[in-house]
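Note sheet for the following structure.
There are 2 protein chains.
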Amino acid sequence: MEELINYLLQFGQLNQQQIDLVKSKIKITKLKKDAYFSEAGKIARQVAFIADGILRVCYYNKGEEITRYFIDENNFAVDINSFSTQIPSSEYIQAITDCTLFVFSRESLAELSQTIIGFDGIVNQITTKSLIEKVKRISPMLAEDAKLRYLNFLENFPKLANRIPLSLLASYLGITQSSLSRIRRNI
Amino acid sequence: MEELINYLLQFGQLNQQQIDLVKSKIKITKLKKDAYFSEAGKIARQVAFIADGILRVCYYNKGEEITRYFIDENNFAVDINSFSTQIPSSEYIQAITDCTLFVFSRESLAELSQTIIGFDGIVNQITTKSLIEKVKRISPMLAEDAKLRYLNFLENFPKLANRIPLSLLASYLGITQSSLSRIRRNI
DNA sequence: TTTATTATTTGCCAAATGACAAATGAAATG
DNA sequence: CATTTCATTTGTCATTTGGCAAATAATAAA
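Protein chains in written order, with this note's numbering: chain A, 69 to 255; chain B, 69 to 255.
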């Protein structure tokens, strides 16, 4: 739980009382591999800080399932679009390993926002920063070929590569699994 | 200027006095084609609502200039990363047509936030929504071939296609301009 | 262990794309 | 109007990648 608090403290100050309050709102949840954290068509009502495991955020595009990104330990997972608008989601979040999550409900976060001055600011900074990172990471991939996408993934997420099934990684990279398999072979 | 106000009102309420206050902070700025709104290496201190014209957000990746996205009329343009962190930017924003902008300085926005209750919320909603849109738009492109990327661009931005030079559009789509030229020929 | 299921690798071929260079077209300048 | 400059198109060719199907490997279940 210290990881979560440290994460928050990067973005603003919290005194011990406030930290305890935040901790009191956490609901520790375990997800089995392949279980869903949030589902398409439903309204997202939870945010999770991943204590252990990997999730993937996916959606369907013309009948094909696409992995938008992966989220691993010590990061927040949320269907931010549905969570912030309370509109049913077009994407879903699924565990690709067994996971342990620190879950906050929408209501808990609202209470924290009302009680802790500056909490809103922390949440907004985290939201903005993580979205900017996603844009920055995906954007250059468009101009890269399959091999370079994979090499850059290895460089940026060295610990993730061998924890993610090849088919899902291929889907994330926007290439076929055959291609990725061949690329791997050629080092 | 009504366009700007209508844009804001989508995200929260403002009374006439508050609207006038917002308007009073606007600095109308013209940019000539090819002029920069914000530059790499500098800290972004302004946000612009585009009254007329098109901007592009770019960056260099391994010596190659890449267009991350275009922003046209009735949208906000800002180097959000640099603006929110006040760290020198790695990207730049350039006019690709003559532009008329409604510019807010960082200080103006801060004053509005302090004076108008809920203004922060409006700004945050706009920021989050526009970043989510960018992720949602770019992400599926990874799995698409050049032709489909172009066709979808036409579908999503029908008015933009003929106002953007082919070379820049190709850069945005992540393909060579030769390829885009050939794709256009084959309808 | 054996069998069934799922994941990954490989082969083959056609299509798409990039790299490079040259030709053409369009716009700006004197 | 001629000239320069920049943008777009086109040609040629090598390479990459996808589509499909089959083979192999790894994992789970009986």
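All C-beta atoms, glycine included, are put in the ideal place defined by N, C-alpha and C.
Candidates the options, of which the one nearest residue i by Cα
i	options	result
A/Lys215	A/Gln193, A/Glu159, A/Cys167, A/Ser249	A/Ser249
B/Phe225	B/Phe138, B/Asp213, B/Met69	B/Phe138
A/Gly80	A/Arg231, A/Val191, A/Thr97	A/Val191
B/Glu70	B/Arg113, B/Leu180, B/Asn143	B/Asn143
A/Leu76	A/Asn220, A/Leu222, A/Leu180	A/Leu180
A/Asn254	A/Lys227, A/Gln86, A/Tyr218	A/Tyr218
A/Ile111	A/Glu223, A/Ser173, A/Leu228	A/Ser173
A/Ile66	A/Lys95, A/Ile94, A/Arg231	Residue 66 of chain A is absent from the model: chain A starts at 69 and stops at 255.
B/Ile206	B/Asn220, B/Gln193, B/Ile194	B/Asn220
B/Glu212	A/Lys197, A/Leu234, A/Thr97, A/Ile243	A/Ile243
A/Gln78	A/Gln193, A/Gln245, A/Glu159	A/Gln193
A/Ile94	A/Leu222, A/Ala103, A/Leu72, A/Lys197	A/Leu72
B/Ser336	A/Pro156, A/Gly189, A/Ile200	Residue 336 of chain B falls outside the range modelled here, since chain B spans only 69 to 255, and no answer is possible.
Alpha carbon of residue i to alpha carbon of residue j, nearest angstrom
i	j	result
B/Arg124	B/Lys202	13 Å
B/Ser106	B/Val115	10 Å
B/Ser247	A/Leu210	14 Å
B/Ala108	B/Arg136	14 Å
B/Asn74	B/Gln86	13 Å
A/Phe117	B/Ala145	31 Å
A/Lys130	B/Ile251	22 Å
B/Pro208	A/Ile134	8 Å
A/Tyr128	A/Arg113	21 Å
B/Leu177	B/Thr195	13 Å
A/Asn83	A/Asp147	29 Å
A/Ile161	A/Ala229	19 Å
B/Lys100	B/Glu141	15 Å
B/Ile96	B/Glu175	16 Å
A/Lys204	B/Glu159	10 Å
B/Cys126	A/Ala103	39 Å
B/Lys98	B/Glu132	28 Å
A/Gly189	B/Gln245	43 Å
B/Glu223	A/Lys227	39 Å
A/Leu234	B/Lys197	32 Å
Beta bridge counterpart(s) of residue i as assigned by DSSP
i	result
B/Arg124	B/Phe138, B/Gln162
A/Lys98	A/Thr168
A/Phe129	According to the sequence displayed, residue 129 of chain A carries Asn and not Phe. Partner(s): A/Glu132.
B/Ser173	B/Gln114
B/Tyr104	B/Gln162
B/Ala145	B/Ala116
Residue i beta carbon near the ligand MN (any heavy atom closer than 8 Å)
i	result
B/Ile164	The ligand MN is not among the ligands present in this structure, which contains no ligands whatsoever.
Answer yes if the region 143-153 of chain B comes into contact with the region 230-240 of chain B, meaning at least three C-beta pairs across the two stretches below 8 Å, and no otherwise. They do not touch, by the three-pair rule.
Short of 7 Å Cβ to Cβ, which residues in the region 199-232 of chain A face chain B? Leu199, Ile200, Lys202, Val203, Ile206, Ser207, Pro208, Met209, Leu210, Ala211
At a Cβ cut of 7 Å, what residues of the region 149-164 of chain B count as close to chain A, listed as they run along the chain? Asn149, Ser152
I want to know whether the region 90-110 of chain A touches the region 171-188 of chain A - three or more CB-CB distances under 8 Å. yes
Does the region 117-133 of chain A touch the region 162-170 of chain B, meaning 3 or more C-beta pairs lie closer than 8 Å? no
Proximal residues, the region 185-197 of chain A versus chain B, C-beta separation under 7 Å: Taking 7 Å as the Cβ-Cβ cut-off, the region 185-197 of chain A approaches chain B at Asn192, Thr195, Thr196, given in chain order.
Under 9 Å, CB to CB, which of the residues in the region 80-97 of chain B have a partner in chain A? none
Could you run through the region 117-130 of chain B and flag, in chain order, every residue whose CB is less than 7 Å away from some CB of chain A? Asn129
Within 9 Å of chain B by C-beta, residues of the region 100-112 of chain A in sequence order: none
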